[in-house]
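>
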Amino acid sequence: MPRSPRPSAPATLRTWPRWATAEVDYETTLAIFTNVQHFASIHYVIQEDGHITQMVRTQDVAWHAGNWTFNGSSIGIELIGVAEDPSHYTDAQYRATGTLIRYLTDRYDIPRDRDHILAHEDLPGVNAARQAAMHWDPGAYYDYEKLLRHAGADDRNGPLRERDETVTIAPSYKSNELGFTSCNPGGGVLAPRSTAAVMVRTEPSDDAPFLEDPALAAVGAEDVVDV
1 MPRSPRPSAP
11 ATLRTWPRWA
21 TAEVDYETTL
31 AIFTNVQHFA
41 SIHYVIQEDG
51 HITQMVRTQD
61 VAWHAGNWTF
71 NGSSIGIELI
81 GVAEDPSHYT
91 DAQYRATGTL
101 IRYLTDRYDI
111 PRDRDHILAH
121 EDLPGVNAAR
131 QAAMHWDPGA
141 YYDYEKLLRH
151 AGADDRNGPL
161 RERDETVTIA
171 PSYKSNELGF
181 TSCNPGGGVL
191 APRSTAAVMV
201 RTEPSDDAPF
211 LEDPALAAVG
221 AEDVVDV
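Residues in the sequence shown are numbered consecutively from 1, following full-length UniProt numbering.
Set out below in structure tokens:
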């Protein structure tokens, strides 16, 4: 499988289920990541029952981010699941993922917060033109509160946090329910579910347009996902 040695420990940790393999089973996922023709690899795969398989040594770079800069400074974790159906992200998988993150953050002295524990959807393309090709998993319905709790997160200061000059709005996963348009062609509007996402408008008005991703709009991407 594609990998490259790196001279030092990774500076950041990234955890995400890759959408390209999230809808296939465990055996198919392993087959994909062991086939050099796919030009992709991952450090760990976590099944729905919580079993963990290591695919690449952490001292080696795996090809998993879609952006080589992030490949070189991260550890990739693949979750078996379906981004639009959070029932596939089981309690056993959350516990196993949190335990693995706790171990890795201890080993490499990585802060346990959302600045360092990133999802695939958090990563930018190598340039604006490539942004539309980036992934959106683990999806709007993934419970980051639960994951960070199992990982022993450092920062649990409530729904509104200020760090440096950035304000983070983090609504309660259980009480915040929204429906989103599927990223899959013809997927339609998904049923409202618990989510950690919020809809941001351009002005403080319920009928103001939603804020759009300028990189996606610039390349003329259809069905631009509101953020």
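We put the beta carbon where it would ideally sit given N, CA and C, even for glycine. Only a predicted model underlies this, so the values are computations on that prediction, with no experimental measurement involved.
1) So the candidates are E78, E48, A31 and D91; which of them puts its Cα closest to the Cα of H120?
2) Measure the CB-CB distance between E48 and G81 and report whether it falls below 8 angstroms.
3) What's the call for H135, buried or exposed, on a 16-neighbour Cβ count within 10 Å?
4) On the premise that W63 lies in contact with S41, defined as a C-beta separation below 8 angstroms, what is that separation, rounded to the nearest angstrom?
5) State yes or no: is the C-beta of A151 within less than 8 angstroms of the C-beta of I101?
6) Specify, as a first and last residue, the run of the alpha helix (DSSP H) that D60 falls within.
7) Under a three-way DSSP split, which group does L190 fall into?
8) Whose CA, out of G76, L123, K174 and P209, lies closest to the CA of P86?
9) Which parts of the stretch 48-116 are runs of the beta strand (DSSP E), unbroken and 3 residues or longer, counting only runs that do not cross its ends?
10) Rounded to whole angstroms, what is the Cα-Cα separation between D25 and I32?
11) Is L147 near Y94, with beta carbons less than 8 angstroms apart?
12) Just the C-alpha distance for A92 and A208, rounded to the nearest angstrom, thanks.
13) Quick one, which of L190, T28 and A197 has its alpha-carbon nearest D122's?
14) Taking the straight line between their C-alpha atoms, what separation do you get for F210 and P204?
15) With respect to the beta strand (DSSP E) encompassing I169, which residues constitute its N-terminal and C-terminal limits?
16) Starting from the Cα of D60, find the closest Cα among H38, I169, F180 and I75 and give me that residue.
According to the data block:
1) If you compare the alpha carbons of E78, E48, A31 and D91 with that of H120, the shortest gap goes to E78.
2) Contact: yes.
3) Counting Cβ neighbours within 10 Å, H135 comes out buried, since at least 16 surround it.
4) That pair is a contact at about 5 angstroms.
5) At a Cβ-Cβ threshold of 8 angstroms, A151 and I101 count as neighbours.
6) Taken as a continuous stretch (DSSP letters only), D60 belongs to no alpha helix (DSSP H), being part of the beta strand (DSSP E) at D60 to A62.
7) For L190, the secondary structure class from DSSP, reduced to helix, strand or coil, is coil.
8) Looking only at G76, L123, K174 and P209, the smallest Cα-Cα distance to P86 is reached by K174.
9) List check, beta strand (DSSP E) in window: 52-54, 60-62 and 77-79.
10) Roughly 11 angstroms between the two C-alpha positions.
11) Yes, the Cβ-Cβ distance between L147 and Y94 is below 8 angstroms.
12) Straight-line Cα distance between these residues: approximately 41 angstroms.
13) Nearest C-alpha to D122: A197.
14) Across the structure, F210 and P204 are spaced so that their CA atoms are roughly 11 angstroms apart.
15) For I169, the enclosing beta strand (DSSP E) covers residues T166 to I169.
16) Among H38, I169, F180 and I75, the Cα nearest to that of D60 is on I75.
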